[in-house]
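Per the UniProt record's numbering, the very first residue in the sequence shown carries number 1; after that it's consecutive. Input: a single structure, listed below in structure tokens.
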Amino acid sequence: MAAGTDLDKIEAGRTVLRNDDQPHDILKGDMDNVPENFSEIQEMKQGLHTRHVSMIALCGAIGTGLFLASGRTLAKSGPLGALLAYLIVGIAGCCVTLDVGEMGALVPLSGGIVRYSEIFVEPALSFANGWNLVLKGLIVIPAEITATAVLMKFWLDISSAAWITLFGGLTIITSSLLVRVYGELEFVFGLLKILLILVIDIMAIVITSGGGPDGQVIGFKYWGSPGPFVQYLGVQGSLGQFLGFWSACSTVIFAYSGIETISLTAAETRNPRVAIPRAAKRVFWRVLIFYVITIFMVGMIVPSDNPQLLGKKTTASSPFVIAATLAGIGGIPHFINAIVITSAWSSGNSMMLHYTRYLYGMAKKGHAPRLFTRLNRFRVPWINTLFFGSFIGLAYMSTSAGAATIFTWLQDLASVAITINWIVILITYLRFYYGCKAQGINRHEELPYASPFQPYFSWAALTFFSLLLLTGGFSTFMTDNWDTHTFVSSYVNIPIIIIIYTGYKVLGSSKIIPLAEIPIRPFIQVYRSEPLIEEKPKTGFQKLNILWS
């Protein structure tokens, strides 16, 4: 095929099918060359299109981490520190997404990285990171449901338990439906998130230009006072400013969680060879537009020393609400609360899809009970949905003040699990990259898609995230600032995953696959034997939908 970045060219001599929304068998060709893993593609319903795949990844990432937690990032690092944190973590995170896009286009199996790490590295790594992700899912899904319940109390002072029951039940129901229905729901919620971000950015431009009710021109006023950076923990000079930025990077990772999930539903995606890499590239640009520009605008209209930024995680602590209040704009808090509620629930809904597929992928290879491979009549792993749904009960802990502290601690553990997962993705991709090189495979000519700037991009991202993982709890080692909670939540995941990895490696006799023996050629043979689906050309307004399709 032509260069990996040109997805629309058709290789001469290959069969071409029209994309008429009919299910298709992507395994036509020499079945003797098909690895056993590909049997599951015929088991699961291929109901997702490119717009679903990219929007599901976007929905999983854009949630309370951007709309609420961004205020804490601003208070911790200042407007320029927050901008740099979101920009650098976003670029490194997009490297992870592009790496997944390259591997997922060639190996379109459900389970994402838990499958790729076994195929391209070794089973022990897949087993350890798989359970790392499952444990993370058991925490973050209830966390988003809890956030939804808290936000509802902005309007109605009803017990959080009632809202947790309602939204938790809806999450279980929608995740058990036909994947196409689920995809359409997430697509609509994604559009609402995009609408909110566009409204916020326009509002910020109006406010900073003096178009608010108070008529005050702000410009870069808050970059001058209190300043572009914050002196973190009272440390003066450039060191304190850098520490604020570095601490913000660890926080920002949670806001980006989910952008790497584009290939999780590969077996349920139509024409995954094209859909997955296209979604990966679009996620990259959407991250730059929706995150970086928005954080830049927020830093212009909200001072980093505003005490409300460090308030409770409610709508009142949202930097967007604070900006509207400071400018004297009424009604905005209610609008933002409505969209943030849908964002929080949508994010939890998207995560339910992600982690049920992780568990399905693990069970297919014997890393979890075979029970989790069962599908309902919609070809959805319904037992996995019930398993994660049962842990939504953890959200009820937030109704108790003492238990809420424990639940916050569990959320901090999830942030570390995200970093570990991204590191595993980068390690797996580098093994895949050097495996191609050792076997004389030209990635740009023989693969459906080849990510750019490799292997330098991946090495840089791997170094960055490894440093963040090792220094995530640096504040506890500073003078008179020891905090057991921060130390444990920053580092306890590391020995746990090492123990799981080592235990499986010893008991399961797992060995790292030599580069020359990594099974890349068989997947290329499957890819070349498939009929290529020609997508319908876009016409009229369809050409303008780059942001939402």
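Note that the Cβ used here is the ideal one computed from N, Cα and C, for glycine as well. Remember, predicted model here, so these are calculated numbers, not experimental data.
#1: For residue 563, name the three-state secondary structure that DSSP assigns.
#2: Take the Cβ of M1 as the centre, count every other Cβ of all protein chains shown within 10 Å, and call the residue buried at 16 or more, exposed below.
#3: Can you say whether T484 is buried or exposed, counting buried as having 16 or more other CB atoms within 10 angstroms of its CB?
#4: Take A460 as the anchor and find which of S70, W131, I91 and T73 has the nearest alpha-carbon.
#5: By the 10 Å Cβ neighbour count, where 16 or more other Cβ atoms means buried, how is L470 classified, buried or exposed?
#6: Measure from the alpha carbon of R115 to the alpha carbon of each residue in G440, Y360, S159 and Y396, then state which is nearest.
#7: Helix, strand or coil for G212, going by three-state DSSP, please let me know.
#8: Is the CB-CB distance between L156 and T174 below 8 Å?
#9: Might you give, ordered along the chain, the residues of its own chain that have their beta carbon closer than 8 Å to the beta carbon of F220, omitting 5 neighbours on each side?
#10: Do S343 and K153 count as a contact pair if the criterion is CB distance below 8 Å?
#11: Quick check: what's the CA-CA separation for V509 versus L68?
#12: Compare the Cα-Cα distances from residue 591 to each of I496, I262 and Y491 and report the closest residue.
#13: Compare the Cα-Cα distances from A279 to each of G331, A417, L98 and L83 and report the closest residue.
#14: Suppose you measure from the CA of A403 to the CA of E102; what does that come to, to the nearest Å?
#15: So, do the stretch 444-456 and the stretch 133-147 have three or more beta carbon pairs nearer to each other than 8 Å?
#16: Quick one: is V217 buried, meaning 16 or more other Cβ sit within 10 Å of its Cβ, or exposed?
#17: In the DSSP assignment, find the unbroken alpha helix (DSSP H) run with H444 in it and report its ends.
#18: How many angstroms separate the CA atom of S529 from the CA atom of Y256?
#19: For chain E, check one thing: does any of its Cβ atoms lie closer than 8 Å to the Cβ of V100?
#20: Which term fits S77, buried or exposed, when burial requires 16 or more other beta carbons within 10 angstroms of its beta carbon?
#21: DSSP on I497, reduced to helix/strand/coil?
#22: Between I512 and the rest of its own chain, which residues show a CB-CB distance below 6 Å, the 5 nearest in sequence each way excluded?
#23: Ends of the alpha helix (DSSP H) at Q231?
#24: Got a sec? Which residues, its chain only, sit under 7 Å from T73 by beta carbon, not counting five neighbours each side?
#25: Residues in its own chain within less than 8 Å of I341 by CB, not counting five upstream and five downstream?
#26: Are the stretch 421-432 and the stretch 202-215 in contact at 8 Å, needing three or more beta carbon pairs?
#27: Express the C-alpha separation of S415 and F465 in angstroms, rounding to a whole number.
#28: Nearest CA to the CA of A128: which residue from S117, G137 and L138?
#29: Is F465 helix, strand or coil by DSSP?
#30: Which class does Q454 belong to by DSSP, given the choice of helix, strand or coil?
#31: Please identify the residue among T476, F523 and I139 whose C-alpha is closest to the C-alpha of Y232.
#32: Among A338, P369, M351 and L394, which residue has its Cα nearest to the Cα of L196?
#33: K136 and I418 look like a contact to me (Cβ under 8 Å); what is the Cβ gap, rounded to whole Å?
#34: Who are the near neighbours of V298 in its chain, counting only those whose CB is closer than 6 Å to its CB and skipping five residues on each side?
#35: Buried or exposed: A363, going by 16 or more other Cβ atoms within 10 Å of its Cβ?
#36: If you draw a straight line from the C-alpha of I41 to the C-alpha of L125, how long is it?
In brief:
#1: The structure shown does not extend to residue 563, since the chain spans only 1 to 549, so no value can be given for it.
#2: Walking along the sequence shown from the start, residue 1 turns up at place 1. Here M1 scores only 37 on pLDDT, less than 50, and its place in the model should not be relied on; the value that follows carries that caveat. So M1 ends up on the buried side.
#3: Counted from its first residue, the sequence shown places residue 484 at position 484. Result: exposed.
#4: What you label residue 460 is simply residue 460 of the sequence shown in a count that begins at 1. That would be I91, whose Cα lies nearest to the Cα of A460.
#5: By 1-based counting over the sequence shown, the position of residue 470 is 470. Flag for L470 reads exposed.
#6: Taking the sequence shown and counting its residues from 1, the one referred to as residue 115 is at position 115. The option with the nearest alpha carbon to R115 is Y360.
#7: Taking the first residue of the sequence shown as position 1, residue 212 is located at position 212. Coil.
#8: Within the sequence shown, the letter at position 156 stands for residue 156. Within the sequence shown, the letter at position 174 stands for residue 174. Taking 8 Å as the Cβ cut-off, L156 and T174 do not qualify as a contacting pair.
#9: Numbered from 1 along the sequence shown, position 220 holds the residue referred to as residue 220. Excluding positions up to five away in sequence, the list reads M300.
#10: Within the sequence shown, numbered from 1, the residue matching residue 153 stands at position 153. Within the sequence shown, numbered from 1, the residue matching residue 343 stands at position 343. Their beta carbons are not under 8 Å apart, which means K153 does not touch S343 by this criterion.
#11: Translated into the one-based positions of the sequence shown, residue 509 becomes position 509. Translated into the one-based positions of the sequence shown, residue 68 becomes position 68. Inspection of the sequence shows that residue 509 is occupied by Ser rather than by Val. Across the structure, S509 and L68 are spaced so that their CA atoms are roughly 46 Å apart.
#12: The chain is shown only over 1 to 549; residue 591 falls outside these bounds and no answer can be derived.
#13: Locating residue 279 in the sequence shown gives position 279, counting from the first residue. If we check each option's Cα against that of A279, L98 comes out closest.
#14: The count along the sequence shown starts at 1 and reaches residue 403 at position 403. The count along the sequence shown starts at 1 and reaches residue 102 at position 102. Residue confidence for A403 is low, a pLDDT of 46 falling below 50, so the modelled location carries little weight and cannot support an answer.
#15: Contact fails: fewer than three Cβ-Cβ distances are below 8 Å.
#16: Position 217 of the sequence shown, counted from the first residue, corresponds to residue 217. Answer is exposed; the Cβ neighbour count stays below 16.
#17: Here the question's residue 444 lines up with position 444 in the sequence shown. First-last of the alpha helix (DSSP H) with H444: R443 to E446.
#18: Taking the sequence shown and counting its residues from 1, one reaches residue 529 at position 529. Taking the sequence shown and counting its residues from 1, one reaches residue 256 at position 256. Taking the straight line from one Cα to the other gives about 36 Å.
#19: In the structure shown, chain E cannot be found, because there is only a single protein chain.
#20: Along the sequence shown, read from residue 1 onward, the residue named residue 77 stands at position 77. Result: buried.
#21: Looking up residue 497 in the sequence shown gives position 497. Residue state, collapsed to three classes: helix.
#22: For the purposes of this step, residue 512 is identified with residue 512 of the sequence shown, where counting begins at 1. Apart from sequence neighbours up to five positions away, the residues of its chain that approach I512 with a beta-carbon distance below 6 Å are E122, ordered along the chain.
#23: Start at 1 with the first residue of the sequence shown, and residue 231 comes out as number 231. It is not in any alpha helix (DSSP H) - Q231 carries neither H nor E in the DSSP assignment.
#24: The sequence position of residue 73 within the sequence shown is 73, counting from 1. Here the set comprises A82, A85, A248, T251 and V252.
#25: Counting from 1 along the sequence shown, the entry for residue 341 is found at position 341. So the list reads T148, L151 and M152, once near-sequence residues are dropped.
#26: Contact fails: fewer than three Cβ-Cβ distances are below 8 Å.
#27: Here the question's residue 465 lines up with position 465 in the sequence shown. Here the question's residue 415 lines up with position 415 in the sequence shown. The straight-line gap from Cα to Cα measures roughly 12 Å.
#28: Along the sequence shown, one-based indexing puts residue 128 at 128. It is S117 whose Cα lies nearest to the Cα of A128.
#29: Here residue 465 refers to the residue found at position 465 of the sequence shown. In this structure, F465 counts as helix in the three-state DSSP scheme.
#30: Residue numbering aside, residue 454 sits at position 454 when the sequence shown is read from its first letter. Looking at Q454 - three-state DSSP - the assignment turns out to be coil, as it is neither helix nor strand.
#31: Start at 1 with the first residue of the sequence shown, and residue 232 comes out as number 232. Checked all of T476, F523 and I139; the closest Cα to Y232 is T476.
#32: For this step, residue 196 is matched to residue 196 along the sequence shown. It is A338 whose Cα lies nearest to the Cα of L196.
#33: Reading the sequence shown from its first residue, position 136 is the one you call residue 136. Reading the sequence shown from its first residue, position 418 is the one you call residue 418. About 7 Å separates the two Cβ atoms, so the contact holds.
#34: Here residue 298 refers to the residue found at position 298 when the sequence shown is read from its first residue. Excluding positions up to five away in sequence, the list reads P319.
#35: For this step, residue 363 is matched to residue 363 along the sequence shown. With 16 or more Cβ atoms within 10 Å of its Cβ, A363 is classed as buried.
#36: For the purposes of this step, residue 41 is taken as residue 41 along the sequence shown, with counting starting at 1. For the purposes of this step, residue 125 is taken as residue 125 along the sequence shown, with counting starting at 1. Model confidence at I41 stands at a pLDDT of 49, short of 50, so the residue's coordinates are unreliable and nothing is read from them.
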